[in-house]
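Chemist:
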């Protein structure tokens, strides 16, 4: 696993190699994140973010944006190579290049503006010193420090007060996933 112990330059070169060769990888997160890792195909990287097409049980499910400072390293060894081979032989490696191209990775503000323009609901996992937070819904407002989400709960009921999330607290942003694409059709005002 390449990690922060190697230089950022080496890690970015490793990640770019994974992108160029369409590698199936595990991406490991820093200790401050509530999750340890995710798996899938890295679609893009910038100085601030990594974009990965996540996978579960040989299906591609959603795009996750990870702030670069939350990444500990990547892994592409025999287990990942086996999954990659299965994905390839089953013809399952299909990415929506239009979404990748239309999603800005320059900064949080432009990222959320690009998601709003594409009309995606998103899942934002964030954390403060006191707790981990989960927000899902339509993007209402964006400024240089935060995003406001019209959050809904697990019953589909839209909460009266939208969630304001500071960019500095964000661990992950997920969109174009089966859960949010389906659930949004059943929301209760």
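Numbering (UniProt numbering), first residue to last: 1 to 189. Glycine is no exception: its CB is placed at the ideal position from the N, C-alpha and C atoms.
(1) Classify residue 35: buried if its beta carbon has 16 or more other beta carbons within 10 angstroms, exposed otherwise.
(2) Skipping 5 residues on each side, what residues in its chain have a beta carbon closer than 8 Å to that of residue 95?
(3) For a minimum of 3 consecutive residues, which ranges assigned as the beta strand (DSSP E) are wholly contained in the region 37-78?
(4) For residue 73, is the classification buried or exposed, using 16 other Cβ atoms within 10 angstroms of its Cβ as the cut-off for buried?
(5) To the nearest angstrom, how far is it from the Cα of residue 152 to the Cα of residue 172?
(6) List the whole-angstrom C-beta distance separating residue 149 from residue 139, where the pair is believed to meet the contact cut-off of C-beta under 8 Å.
(7) Where do the ends of the alpha helix (DSSP H) carrying residue 174 lie?
(8) Leaving out five residues before and five after residue 89 in sequence, what residues of the same chain have Cβ atoms less than 7 Å from its Cβ?
(9) When burial is assigned at 16 or more other CB atoms within 10 Å of the CB, is residue 115 buried or exposed?
(10) DSSP three-state label for residue 126, please.
(11) Do residue 63 and residue 183 have their C-beta atoms within less than 7 Å of each other?
(12) Using a 10 Å radius around the Cβ and a threshold of 16 neighbouring Cβ atoms, would you call residue 125 buried or exposed?
(13) Alpha carbon to alpha carbon, how far is residue 50 from residue 68? Give it in angstroms, no decimals.
(14) Starting from residue 178, trace the alpha helix (DSSP H) both ways and give me its first and last residue.
(15) Should residue 82 be labelled buried (16 or more other beta-carbon atoms within 10 Å of its own) or exposed?
(16) Quick one: what's got a C-beta closer than 6 Å to residue 178's C-beta in the same chain, skipping five residues either side?
(17) For residue 29, which residues does DSSP report across the bridge?
(18) Evaluate residue 166 with the Cβ neighbour count: other Cβ atoms within 10 Å of its Cβ, from every protein chain shown; 16 or more gives buried, anything less gives exposed.
Modeler: For this structure:
(1) As a first step, residue 35 must be located in the chain shown, where it is residue number 35. Exposed, because fewer than 16 other Cβ atoms sit within 10 Å of the Cβ of residue 35.
(2) As a working mapping, residue 95 is identified with position 95 in the chain shown. Within the same chain, residue 95 has close Cβ partners 41, 43, 53 and 60.
(3) 37-45, 49-56, 59-67 and 71-75
(4) Here residue 73 refers to the residue found at position 73 of the chain shown. Label assigned to residue 73: buried.
(5) By one-based count along the chain shown, residue 152 stands at place 152. By one-based count along the chain shown, residue 172 stands at place 172. Rounded to whole angstroms, residue 152 to residue 172 spans 18 Å at the Cα level.
(6) By one-based count along the chain shown, residue 149 stands at place 149. By one-based count along the chain shown, residue 139 stands at place 139. Yes, they are in contact, since the Cβ atoms of residue 149 and residue 139 sit about 6 Å apart, within 8 Å.
(7) One-based indexing of the chain shown puts residue 174 at position 174. Segment 170-175 is the beta strand (DSSP E) holding residue 174; no alpha helix (DSSP H) there.
(8) For the purposes of this step, residue 89 is identified with residue 89 of the chain shown, where counting begins at 1. Within the same chain, residue 89 has no close Cβ partners at all.
(9) Taking the first residue of the chain shown as position 1, residue 115 is located at position 115. Under this definition residue 115 is a buried residue.
(10) Taking the chain shown and counting its residues from 1, one reaches residue 126 at position 126. Strand at residue 126.
(11) In the chain shown, the residue the question calls residue 63 occupies position 63. In the chain shown, the residue the question calls residue 183 occupies position 183. No, the pair does not count as a contact, with Cβ atoms beyond the cut-off.
(12) Within the chain shown, the letter at position 125 stands for residue 125. Per the 10 Å Cβ criterion, buried.
(13) By 1-based counting over the chain shown, the position of residue 68 is 68. By 1-based counting over the chain shown, the position of residue 50 is 50. Cα to Cα, residue 68 sits roughly 6 Å from residue 50.
(14) Stepping through the chain shown from its first residue, residue 178 is reached at position 178. 178-183 is the extent of the alpha helix (DSSP H) around residue 178.
(15) Along the chain shown, one-based indexing puts residue 82 at 82. By the neighbour-count rule (16 or more Cβ atoms within 10 Å), residue 82 is not buried but exposed.
(16) By one-based count along the chain shown, residue 178 stands at place 178. Only 61 meet the Cβ criterion.
(17) If you number the chain shown from 1, residue 29 lands on position 29. Beta-bridge pairing links residue 29 to 71.
(18) Indexing the chain shown from 1 puts residue 166 at position 166. Exposed, because fewer than 16 other Cβ atoms sit within 10 Å of the Cβ of residue 166.
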